[in-house]
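Undergrad: Take this structure, written in structure tokens, and hold onto it; I'll ask about it next.
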Amino acid sequence: MADVDVPAASRKNKIAAARKKLKQFKEKGKISTNQSNSDNRSSSTRSSVSPSSNPSITEEKPSSIGDQTSQEVDFHIDQRPTASTESLHQLSQHINDLLNESSAAINGEIPVAKSSISQLEKRNRELAALLAKHTEANEQLHAQVQHLRSQSQHLQKELDGERQTFEDKQKREVGSLKEQLQVHIQTIGILVAEKTELQSKISQLQKLSDQRLEEIDDMNSRFRVSKQRISELERSIASVNSSSQQYEKSSKEFAKDIDRLKLELYKSNQTTEELRQQTFELTEKLNFKISECLAHEQNLEEFKKKLEMAELYAQQLSSQSDKESVKLLESLQAEKEELTTKVLHYQESFQTVTDERNQLSDQYQQYIEQLQQQTQSLTGQVTSLTGERESLLSKQHELETEMGSLRKQLEEAEHNSAINPTSNLQVEIEKLHSDYEEISKRHEAQIRDNAQMSRFLEEKEDKIMELESTITRLGQEAGDKAQLLESIQSDKTALSRALTQNKDLKQQLAELQNGFVKMSNDSMELMTKLQTEEHRSHELALRLAQQEDELKDMRDALMSRDSQLTEIKKSADSVQKENYQQEQIQDRLRHYEAQAQLVETLQRELSASQDMMDALTAQNSELRNMLVKSQENKDIYDTSATDERDTIMDSLQATIRQLEAERNQLIGSLKDQRNLSDDLSVKVADMQEQVSMSINPDENIVSRAEFEKLKNTMDMIQEKYTRAMRDKADLSDKADQLEHLVLQLQGETDTIGEYISLYHHQRALLQQREFQKNDYISRLAKDREDLQGKLSKLQGLVVQMFSERGVDAKNLISHTEIFHNCNEKINEQKTEDMQRYLPPPPPVINGEGKYPEDWPDYSSSNSSESVVETIVGGEAFEGNVPPSSAQQQSPTSMPPTIYDTNEESAQVENNQTAKKIMDLFSEIDSNLCDTVPFNRKFLPCKYCKGSVQDL
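23 is the number of the first residue of the sequence shown in the working numbering; add one for each residue after it.
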């Protein structure tokens, strides 16, 4: 708020205007009290009018019909004049009449009252006509309302019926869906884990792409540097070409240096051979000294053993005579002294040997260093000599070209001499011959020098390689032994680890193969979910772009408002005066106190909303736990679980909506709080500027009371400002926490949406599976009916065959009874087998089973033959056994008289009946061949579709 100082004169004008407005308002209030009766009448008429709608629309819900009727009623009411407008019209006419009477009385005229009476009568007639129209409209509206009520009752009945049917269907479906919810929860957990893995892979790929882009930038920079380097090299080539001429001049000097270096090399070779011989001799000496030291050590050990034996012998002889013991002691002491002197001598020799060995090692290291320096110098010389060799070869090529040109000149001169033989030409020819001979000699000498130089260089390179190999061999021999031991131990450990790792890898391979089979089944579902998530991410990106555009618009609006605020501040600073500064400061302090209370209330609301969010998250977790518990206790609480499932789904959707609404409210409240904190900071800055402006240089004299007031106000402002800044920081922290909670809730809503989509998908699969099951059962029933019909035909044909062959009626009756008994036994066995494999029948609800899973699960059975195969095998047995039994029984039971009477005449008829029987057998076999493969391949399970195809 921008407070503007107003002078005293303007305040008085405003007070006078406000008093006038109060008087006008009081007059209007008196008029409204006079017109209250008419308003009551108009309100009663409005209340009597009931909402109406178009009677042709009968299929809509009552709520929508009520909305339409309310809109139409409002339209009618707006069109007609109300009682309040009529009363105002009468008052205005009455006031006009009074004014006319007063003006007539002033002028001395007599007022005429008949005109006013006639006008009132006309007005009353118009009002009566309007009343009649309104009553007719009210009656029509009442009729429409009754019609709509009847329609709404009819629709309500239909709704109740549909609800009951829907509840029945839902009770049927919920039982099957409960069992699959656990499976789906597990699959969702796996999918969520795989989703996190895929997200981590995507982040890694993004990092790799960033690294590749950085590498491309580096390569581009290197390419630019290489281009610059190529230009520099081209320049250096030009300079090298210029300096090549100078190198040609210096080549002659290098030839002299080469001869000198040859001598030095020969001398260095001799010195190296001498040094090798010396090193060989020194190594032999070292080995000899080491062997001597070992022998001395062995002697020392033997002498120590002898001393110990002598001491023992002395102790033993101490019991003998004293003289003998004294002699023995003296001899032993003498031997001991001799031995000690020998030991000292050996020790001194050992020290000398060690010193010599150290000196030899130092000399050997110095020798190696000298050899390395010599090799380095020789490599440098070799490089220089190779360069010289290349320059000499280039010169040789140039000389050869010159030789070719000179030969051409000679040939031309000879040709010219043949044409124009003159003395001058002969002289020139002789000179050219002499030059040619000299150049050829130089060329031969140069070739020899080049050959010698090449041989010399090859020898030098061979020697350098030998020296380097010796140096490396000597350096490696010392560390090879330890490395060999370490490598052997490491190889042993590595072998043991490799064996254990091979076993582990074999086990892991088996596990991976089993896991791969499972993962291949889930990969297609993951791909579909990935596509859906990509589509969602695309939509979220579009939403983010829209939100960014809105933020930009909001920032622009804020900038414009800031500019307006700055302009208002400037105008306020120009208008302010010194007399009203303290009053303005006090008003602003009160305003800041009110705003601080506002901020505190907003903080409380924020904390309450955060508590609500926590409670909602706890509710969500409780709802999930209730879902899991309801799935575990599905067999006990089937009927109650269906209702709980619906309520849980409804409550989850309601919580999602509530969370979205609360998120929007929190975002709005955060924006308001930020705006408030910004306004507070701006106002505090304004206060500080005003306080600084209040202290003018012209009015240096300030009273002590005013100074203390200003000081107190400044302290209060500072405290309020610090408090507001702290509140702003707390609010920003809470806003971040709320944004984090909102993100978590968005993730939870996404997972709930995935649950719902999986639920719908599995429901469609179950419906399809139930349809396939019903189709399969109907086919089995048809096949059974066909088989029964064919069996009855077979029975008739067999009876006919027996009658044609002349079997007695008693035998036929016995055979048919046996046949029926066999069929009944087979049917009983078949039903027992089917009941053995099939599960117990569930309770029936509305003519259908309680669970759609009453069909057996063929995929989960561990037996080698499925239930379908046993059923089909029973039918095949039913179709095949009676004829065979009849055939087996017929020749044994028939008497021999049948074969004796008219075989030739009855043979044709017997053949026809036998042919029919064989045709029936072939049809039964073909039906079995058609049905059995279909039944074997069509294995309905919880997750498969269609029939099994052989590849």
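Beta carbons are placed, not taken as given, at the ideal position from N, Cα and C, and that holds for glycine. Just so we're clear, the structure is a prediction, and the values are computed from it rather than from any experiment.
For residue 213 and residue 525, which I take to be in contact (beta-carbon distance under 8 angstroms), what is that distance rounded to the nearest angstrom?
TA: That pair is no contact at about 33 angstroms.
Undergrad: Could you check if residue 820 is buried or exposed, using at least 16 other CB atoms within 10 Å of its CB as the buried criterion?
TA: Residue 820 should be labelled buried.
Undergrad: Buried or exposed, going by whether 16 or more other CB atoms sit within 10 Å of the CB of residue 367?
TA: It counts as exposed.
Undergrad: What is the rounded straight-line gap between the Cα of residue 290 and the Cα of residue 388?
TA: When rounded, the distance between both Cα atoms is 16 angstroms.
Undergrad: Please report how far the alpha carbon of residue 236 lies from the alpha carbon of residue 248, in whole angstroms.
TA: Computed Cα separation, rounded: 18 angstroms.
Undergrad: Alpha carbon to alpha carbon, how far is residue 533 from residue 644? Give it in angstroms, no decimals.
TA: For residue 644 and residue 533, the distance between alpha carbons rounds to 37 angstroms.
Undergrad: In or out: residue 202 buried (at least 16 other Cβ within 10 Å) or exposed?
TA: Buried, because 16 or more other Cβ atoms sit within 10 Å of the Cβ of residue 202.
Undergrad: With a 10 Å radius around its C-beta and 16 neighbouring C-beta atoms as the bar for buried, classify residue 302 as buried or exposed.
TA: That one is exposed.
Undergrad: I'd like to know whether the C-beta atoms of residue 455 and residue 421 end up nearer to each other than 8 angstroms.
TA: Against a cut-off of 8 angstroms, the Cβ pair of residue 421 and residue 455 comes out as no contact.
Undergrad: Answer yes or no: do residue 401 and residue 469 have a C-beta to C-beta separation smaller than 8 angstroms?
TA: Their beta carbons are not under 8 angstroms apart, which means residue 401 does not touch residue 469 by this criterion.
Undergrad: So which of 374, 740, 769, 478 has the shortest CA-CA distance to residue 287?
TA: For residue 287, the nearest C-alpha among the options comes from 478.
Undergrad: Exposed or buried, what is residue 100 when buried is set at 16 or more other beta-carbons lying within 10 Å of its beta-carbon?
TA: Because the pLDDT at residue 100 is just 41, under 50, the model does not fix this residue reliably, and the value given afterwards should be weighed accordingly. With fewer than 16 other Cβ atoms within 10 Å, it is exposed.
Undergrad: Going by the beta-carbon positions, is the gap between residue 620 and residue 691 smaller than 8 angstroms?
TA: Not closer than 8 angstroms, so no.
Undergrad: Cβ atoms of residue 273 and residue 410: under 8 angstroms apart, would you say?
TA: Contact flag set, yes.
Undergrad: By Cβ distance below 6 angstroms, which residues in the same chain neighbour residue 283 in space, the five residues on each side in sequence not counted?
TA: There are no such residues.
Undergrad: Is the distance from the Cβ of residue 634 to the Cβ of residue 556 below 8 angstroms?
TA: In this structure, residue 556 does not lie closer than 8 angstroms to residue 634 by Cβ.
Undergrad: Give me the Cα-Cα distance between residue 458 and residue 246, rounded to the nearest whole angstrom.
TA: For residue 458 and residue 246, the distance between alpha carbons rounds to 53 angstroms.
Undergrad: Quick one: what's got a C-beta closer than 8 angstroms to residue 562's C-beta in the same chain, skipping five residues either side?
TA: So the list is empty, once near-sequence residues are dropped.
Undergrad: Beta carbon of residue 312, beta carbon of residue 475: below 8 angstroms?
TA: No.
Undergrad: Return the Cβ separation of residue 308 and residue 382 in integer angstroms, given the expectation that the two are a contact with Cβ distance under 8 angstroms.
TA: The Cβ separation is near 6 angstroms, so the contact holds.
Undergrad: Buried or exposed: where does residue 196 fall if 16 or more other Cβ atoms within 10 Å of its Cβ makes it buried?
TA: Buried, since its Cβ has 16 or more Cβ neighbours within 10 Å.
Undergrad: Just verifying my parser: in three-state terms, what is the DSSP assignment at residue 92?
TA: At residue 92, the pLDDT of 41 sits below 50, so the modelled position is not reliable and the matter cannot be decided from this model.
Undergrad: Among residues of its own chain, excluding the 5 on either side of residue 254, which ones have a beta-carbon nearer than 6 angstroms to its beta-carbon?
TA: There are no such residues.
Undergrad: Counting C-beta neighbours from all protein chains within 10 Å, is the total for residue 38 16 or more, i.e. buried, or is it exposed?
TA: Flag for residue 38 reads exposed.
Undergrad: Looking only at its chain, what residues have a beta carbon closer than 7 angstroms to the beta carbon of residue 758, apart from the 5 residues adjacent to it on each side?
TA: Contacts found: none.
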